[in-house]
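First to last, the sequence lines map onto chains A and B.
Residue -9 is where the first sequence starts when you use the working numbering, and the numbers rise one by one after that.
Residue -9 is where the second sequence starts when you use the working numbering, and the numbers rise one by one after that.
C-beta atoms are modelled at their ideal positions from N, C-alpha and C, and glycine is treated no differently.
If you're wondering where the values come from, they're calculated on a predicted model, not measured in any experiment.
Structure first, then comments.
Number of protein chains: 2
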Amino acid sequence: MDAFEALADPTRRQIVAMLAARERNAGDIASRFDMAGPSISRHLKVLRECGLVAYRAEATSRVYRLNEQRLSEVQQWMQAQLDICRERFDRLGEHLDRMKKEEESDAKG
Amino acid sequence: MDAFEALADPTRRQIVAMLAARERNAGDIASRFDMAGPSISRHLKVLRECGLVAYRAEATSRVYRLNEQRLSEVQQWMQAQLDICRERFDRLGEHLDRMKKEEESDAKG
DNA sequence: GTTTTTGTTAGCTTGACGGCTAAATAGCAT
DNA sequence: ATGCTATTTAGCCGTCAAGCTAACAAAAAC
């Protein structure tokens, strides 16, 4: 499952948001959801496998952290589409400006 | 289906990218995929219903365009998480700087 | 070494998604 | 009116995601 699919799930987005603020162990994360432990564990696995989070073992617990790099890749795709869209919009503005000027000079000439 | 789920599908992301560049009618979009027309039509419906695209009727065809606003909302969520993550990282940097300074003044004193 | 704590894996069920073909709808042309 | 083109809707099917419970693994504590 890729990062886009992983982020499609609201529970996983919440986990990402939690880890953006600070790292947490699996139990801490699970305790904040009204959902069985194994279900959260699976969500964490999905996030791990697509590279959105990583963890380190610490005694019996696993401390998860967000992988800012992978999230950034997704963000950049969104940004790129917006840029393309807005750049086109800007061009349209310029185009209309040109049309307006030509119209004015036509009126004069 | 919300915008995050809609963007989880690669075909729909391609459509979004196509429409970021310029508006296109349904047939034009469909022709660029090795997939039956109705399948693309369904993808367009999903994108419509979550507000990522809109269309206007033009003769027998429907001209689709990207709704930059909705895409922007998704982008902003990503950005917010990254900001939180990076702000924390910056704080850590400052913290380490403080520690280093204290260490230095300890060495002197 | 057994028990406790913490977390993951296995196995099952259910519901939704995404593809297809066939049929319906809507505008345009003749 | 009839047919032509563009697009969507209906209905079907296979796959897969996400939830649950029960079982397993590994480190820590006693």
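Review point. Thinking C-beta only, is residue 71 of chain B closer than 8 Å to residue 6 of chain A?
Key: yes
Review point. Under three-state DSSP, which class holds residue 99 of chain B?
Key: At residue 99 of chain B, the pLDDT of 39 sits below 50, so the modelled position is not reliable and the matter cannot be decided from this model.
Point to revise | Unbroken alpha helix (DSSP H) run spanning residue 39 of chain A, endpoints | key: 27 to 39
Practice item. Put residue 48 of chain B into one of helix, strand or coil per three-state DSSP. Key: Strand.
Point to revise | Minimum C-alpha distance to residue 24 of chain B - residue among B:4, B:43, B:36 and B:13 | key: B:4
Practice item. Run the CB neighbour count on residue 79 of chain B, radius 10 Å, all protein chains shown included, and call it buried at 16 or more, exposed below. Key: exposed
Point to revise | Limits of the alpha helix (DSSP H) - the one that residue 3 of chain B falls within | key: Going by DSSP, residue 3 of chain B is part of the alpha helix (DSSP H) stretching over 0 to 11.
Point to revise | Residue from B:50, B:37, B:76 and B:14 with nearest C-alpha to residue 1 of chain B | key: For residue 1 of chain B, the nearest C-alpha among the options comes from B:37.
Practice item. Excluding the 5 residues preceding and the 5 following residue -9 of chain B in the sequence, name in chain order all residues of the same chain whose CB lies nearer than 6 Å to its CB. Key: 36 and 40
Point to revise | Distance between residue 88 of chain B and residue -5 of chain B (C-alpha atoms, nearest Å) | key: 44 Å
**Study point:** Assigned secondary structure, residue 22 of chain A (DSSP; H/G/I helix, E/B strand, else coil)
**Key:** The answer is coil: DSSP assigns residue 22 of chain A none of H, G, I, E or B.
Practice item. Name the residue from A:16, A:33 and A:64 whose alpha carbon lies nearest to the alpha carbon of residue 50 of chain A. Key: Answer by Cα proximity: A:16.
Exercise for review: Put residue 82 of chain A into one of helix, strand or coil per three-state DSSP.
Suggested key: helix
Check your understanding: Hey, how far is the Cα of residue 30 of chain B from the Cα of residue 86 of chain B?
Key -> 53 Å
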